[in-house]
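Undergrad: Residue 265 is where the sequence shown starts when you use my numbering, and the numbers rise one by one after that.
Heads up, the beta-carbon is just placed ideally off N, CA and C, and yes, glycines get one too.
Being a predicted model, the structure only gives us computed values, none of them experimental.
Can you keep this structure in mind? I'll have questions shortly.
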Amino acid sequence: MEQEPNLPVSYPIKTLKDLVEGSYYNSFHFIFNKSSVKLKNSTSTAKRPRLLACHDFKGGYVDDQWIQGSGNGDAYTLINWRLLDIFVYFSHNLVTLPPPGWVNAAHKHGVQVLGTFITEWDEGYKVCQELCATEDSARLYASLLAELAQSLGFDGWLVNIENKVADLVPNLLAFVELLTDAMHAWVPGSTVIWYDSVTIDGHLFWQNRLNELNRPFFDISDAIFTNYHWQEHWARESGDLADGRRFDVYMGVDVFGRGTFGGGGYQCDVALKAAKEAQVSAALFAPGWTYENNEDDERWWRSIYSCWPDARIDPVQLPFYSNFDVGHGQAIYLDGKQVSGLPWSNLSCQNLQPLLRVESSSSKQLAVTLRQDSPVYSGGSSVNMVGRIASDEICLFQLYNTAVSVETTRDETCLNATYSVFAKDSSNFCLAVRTEHHHGAYTIHCLLDTEGQEIDAFESRYELGPATLIFDYSTQPDTDESGSPESTEESDTAESSGKRVHRWRRKQFTLTQEKYILTGVFGVCSTAKDLRPLLIKLLQENGGAFDSKNFPSQGVEETPNAKAEEVEEGEGVKEHAEAEEVEEGEGVKEEAEVEEGESAEEEPQAEEREEGEGAEEDAEAEKIEEVEEEVGEESNSAYHAVLGDISLARTSHNCNFSYPDQRFVANKVTWIEGNGGEKLMSVNLIWRGHPEKTNWERFHLYAKTSNSDDADFSSLQYLGVAVVEAFFVSELKVPEQSKFVKFYLQPQCGCGKLQSLPSCSTHKQSVPPPSSKTWMKPQPTLKDWLFNH
265 MEQEPNLPVS YPIKTLKDLV EGSYYNSFHF IFNKSSVKLK NSTSTAKRPR
315 LLACHDFKGG YVDDQWIQGS GNGDAYTLIN WRLLDIFVYF SHNLVTLPPP
365 GWVNAAHKHG VQVLGTFITE WDEGYKVCQE LCATEDSARL YASLLAELAQ
415 SLGFDGWLVN IENKVADLVP NLLAFVELLT DAMHAWVPGS TVIWYDSVTI
465 DGHLFWQNRL NELNRPFFDI SDAIFTNYHW QEHWARESGD LADGRRFDVY
515 MGVDVFGRGT FGGGGYQCDV ALKAAKEAQV SAALFAPGWT YENNEDDERW
565 WRSIYSCWPD ARIDPVQLPF YSNFDVGHGQ AIYLDGKQVS GLPWSNLSCQ
615 NLQPLLRVES SSSKQLAVTL RQDSPVYSGG SSVNMVGRIA SDEICLFQLY
665 NTAVSVETTR DETCLNATYS VFAKDSSNFC LAVRTEHHHG AYTIHCLLDT
715 EGQEIDAFES RYELGPATLI FDYSTQPDTD ESGSPESTEE SDTAESSGKR
765 VHRWRRKQFT LTQEKYILTG VFGVCSTAKD LRPLLIKLLQ ENGGAFDSKN
815 FPSQGVEETP NAKAEEVEEG EGVKEHAEAE EVEEGEGVKE EAEVEEGESA
865 EEEPQAEERE EGEGAEEDAE AEKIEEVEEE VGEESNSAYH AVLGDISLAR
915 TSHNCNFSYP DQRFVANKVT WIEGNGGEKL MSVNLIWRGH PEKTNWERFH
965 LYAKTSNSDD ADFSSLQYLG VAVVEAFFVS ELKVPEQSKF VKFYLQPQCG
1015 CGKLQSLPSC STHKQSVPPP SSKTWMKPQP TLKDWLFNH
């Protein structure tokens, strides 16, 4: 029996033999590789030009192979999902299975995820001989691939045959058609894409367009992904040839620029504009170029935003929660408290990413970015707002563009809204929610923090033309990270169990209306002590102030390693520390152009960008730098606030934390002796419930290794987070004198709420004496397992 590693990993299937034998399903890792987020609000068949991103980062399976998370706080991720319709996870292995973190993150944003089936060169021809030996063999492998996608929860395949197939073409056509049909049967709404490689006559000859030589494969699949060396007029010709399926033609754009139309790199927008003008779709290959070559990722995405519209609006259903987590960070926080100070990455933790679009205004300067340095309320990121705003002005930014239908029923008053904010004394912040009604009128709900202010000083409702302005006030007192009444200390931080905790204000509101559609969530910033007169004046003068058109599209700014700005009395904001350089990566996909019977020719390298280019893309970054520098001057208009999280849920929403049938057990328990007398415990924790009766999105796990069984939680060790009903603990250090280890399982609901620790399920595992037969030798290292697999 093949030995397993001691941590769950994602990995590809490398041979047809392994695919047929189904050894993947018998692996210890199988349950961990299942995605947990269902695809919703998909736009993969939208009748417009679509955008696909194909992964190919350092050959695949880097930090993302560690399903329970890696220790790289700067791991490669995507956060600009709202531009994308489809995401392909690519590697040069026969069957590339997307790691579940990518599937979960993409599905949260409505993006389909495809695996890759690829054969290459001489070895690929041998694989195709077996794959396409008969129509029955083609049917067998097509059904096995469809079953894998359905079992793991992803949405289809990119089929890339990069080798000659000679007389195998008839059965290759059968394979593609059978795979497409099987996927549609196993996973409704799924997608199978043919890559422009071999032609209908069996030769490996990239066409760089849709034409009669590759059209037969296009006709029996859902789409085609062309090679990158196309010319501008070929995009329109390809769309015309596709008849009514022109949006199923994806013109390939190699971000590395290896002979690609437009040059790649920061000039990828040239190719995207050409595709959009031709009314066909586009496929970006290897957007990780920015990480592998230490380029400016934000600048690159701004160039994409400049020419490509959002694919969808989010969120579209309740409950909705976001802590703005990007899937990696420098520490982990829960409810304002740091539970781990170690760097980490885990794409399954990524939440719905905000727009962060600041209103168009030359007189107000505000930089709104995602930050990973403290303060953070939950997860590893927060929305940081810094700038200069006069006390007689307010500045708006758009968090989400939404379409959520809300209707009062007999059992609920309408909508509960909650958010957490950390702000300096001179900075004021509130959340604003826009709702629209069937007759065209709309309402702006301002969720106000009125500490120290007279609530009755203003009316709660103002009719201002087509807009109604409603001031909503918190329904509960502020709470700190422990759920107890908020501290009244003057300092902005407190010390709790040796962990630095910022003084967050958590506000809860209830919005009451009969029926409406929630269409937007906004941030309102000012240095004024009372926002109400400024909001009234704003809507009197500009009834469309909260219209989406006032918030220009731009890429989300993420500054993970910058030092937090501190705004003290009479002082400004300290300048950002420079971000650490991302290590230059290796493993770039090698492209070649092969003519019939000829050897591959070396691809031309991407041209270096000329000095002075990219000025338009850099404008926004320069503006942010200017804001931060200017706000450093002594001024009472200096503004600094941090938004930690937001939650929207129906008033009838129930987290079902008291559900009685939750079971929490352990298996695969092993013990080894540590060098200092401590014991090292490895264990697989498993729990079972009824997911259809709950809305739990993730589970946090803790361990207590002291001999005390009291309710003191200060000594709990945070182990990690799981999105499936299993978590593997590897070599947990247990002190020499400990008699038992107690594990805690803490569910987190889709609305963001955590079950209180005293009421969580627990599992107690006794520590065996050294003479016990349960002691085992160490298992093989993960490195040994991976290289021998």
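Assuming contact is defined by CB atoms lying nearer than 8 Å, are S300 and V987 in contact in what I supplied?
TA: yes
Undergrad: Give the DSSP bridge partners of F693, in chain order.
TA: C789
Undergrad: Span of the beta strand (DSSP E) holding I734?
TA: Looking at the DSSP string, the run of the beta strand (DSSP E) that includes I734 is 731-737.
Undergrad: Restricting to runs no shorter than 4 residues, where is the alpha helix (DSSP H) found entirely within the stretch 495-531?
TA: 496-505
Undergrad: Using a Cβ-Cβ cutoff of less than 6 Å, which residues in the same chain neighbour V622 once the five nearest sequence positions on both sides are dropped?
TA: L630, V632, F661
Undergrad: What is the DSSP secondary structure of P1033, reduced to helix, strand or coil?
TA: coil
Undergrad: Looking at T666 and V788, is the spacing between their C-beta atoms short of 8 Å?
TA: no
Undergrad: Assuming the contact rule is C-beta atoms closer than 8 Å, T383 and I425 should be a hit. Round their C-beta distance to whole Å, please.
TA: 5 Å
Undergrad: My parser needs the beta strand (DSSP E) runs of 3 or more residues fully inside the stretch 617-691; what are they?
TA: With a minimum length of 3 residues, the continuous beta strand (DSSP E) runs that stay inside the stretch 617-691 are 629-635, 646-652, 659-671, 678-687.
Undergrad: Roughly how many angstroms lie between the CA atoms of S1002 and S979, to the nearest whole one?
TA: 13 Å
Undergrad: Go through its chain and collect everything with a Cβ distance to S817's Cβ below 6 Å, but skip five positions before and after it.
TA: Counting only residues of its own chain and dropping the five nearest sequence neighbours on each side, S817 has a CB closer than 6 Å to the CB of Y569.
Undergrad: Just tell me which of L912, N475, S454, G941 has its CA closest to the CA of N587.
TA: L912
Undergrad: Could you pull the start and end residues of the beta strand (DSSP E) that E937 belongs to?
TA: 927-937
Undergrad: Measuring alpha carbon to alpha carbon, tell me which residue in E387, I708, V697 is nearest L728.
TA: I708
Undergrad: What did DSSP end up calling L795 once you bin it into helix, strand or coil?
TA: coil
Undergrad: Compute the beta-carbon to beta-carbon distance between I596 and S604, rounded to the nearest angstrom, for a pair I have assumed lies under 8 Å.
TA: 4 Å
Undergrad: Mind listing, in chain order, the continuous beta strand (DSSP E) runs of no fewer than 3 residues lying wholly within the stretch 330-400?
TA: 350-352, 376-384
Undergrad: At a cut of 8 Å, does the stretch 272-283 reach the stretch 961-968 through at least three beta carbon pairs?
TA: no
Undergrad: So what does DSSP say about I596, is it helix, strand or coil?
TA: strand
Undergrad: So, helix, strand or coil for K298, using DSSP?
TA: Coil.
Undergrad: Whole angstroms are fine: how far does the CA of H371 sit from the CA of A696?
TA: 27 Å
Undergrad: Per the contact definition of three or more C-beta pairs closer than 8 Å, is the stretch 426-440 in contact with the stretch 461-478?
TA: Counting Cβ pairs under 8 Å, three or more are found: they touch.
Undergrad: Using DSSP bridges, identify the partner residues of T554.
TA: None, per the DSSP bridge assignment.
Undergrad: Return the CA-CA distance between G365 and P639, expressed in angstroms with no decimal places.
TA: 25 Å
Undergrad: Could you name the residues that DSSP lists as bridge partners for Q602?
TA: Y597
Undergrad: Which residues mark the beginning and the end of the alpha helix (DSSP H) in which S567 is found?
TA: 561-569
Undergrad: Can you find the residues in the same chain that come closer than 8 Å, C-beta to C-beta, to L280, ignoring five residues on each side of it along the sequence?
TA: L358, V391, E394, L395, Y405
Undergrad: If we ignore side chains and look at the alpha-carbon of each, how far apart do V684 and R635 end up?
TA: Contrary to the premise, residue 684 reads as Ser rather than Val in this sequence. Taking the straight line from one Cα to the other gives about 15 Å.
Undergrad: Use the C-beta contact count for Q495: other C-beta atoms within 10 angstroms, 16 or more gives buried, fewer gives exposed.
TA: exposed
Undergrad: Decide if K779 is buried, meaning its Cβ has at least 16 other Cβ atoms within 10 Å, or exposed.
TA: exposed
Undergrad: Give the single residue among G323, S946, L378, L342 whose Cα lies nearest to the Cα of H356.
TA: G323
Undergrad: According to the neighbour-count rule (16 or more other Cβ atoms, all chains shown, within 10 Å of its Cβ), is H493 buried or exposed?
TA: buried
Undergrad: In whole angstroms, give me the CA-to-CA distance for V998 and V1005.
TA: 8 Å
Undergrad: Take the Cβ of K628 as the centre, count every other Cβ of all protein chains shown within 10 Å, and call the residue buried at 16 or more, exposed below.
TA: K628 should be labelled buried.
Undergrad: From F928 to L949, what distance separates their C-alpha atoms?
TA: 7 Å
Undergrad: Would you list the one or two residues that DSSP bridges to L907?
TA: V647, V685
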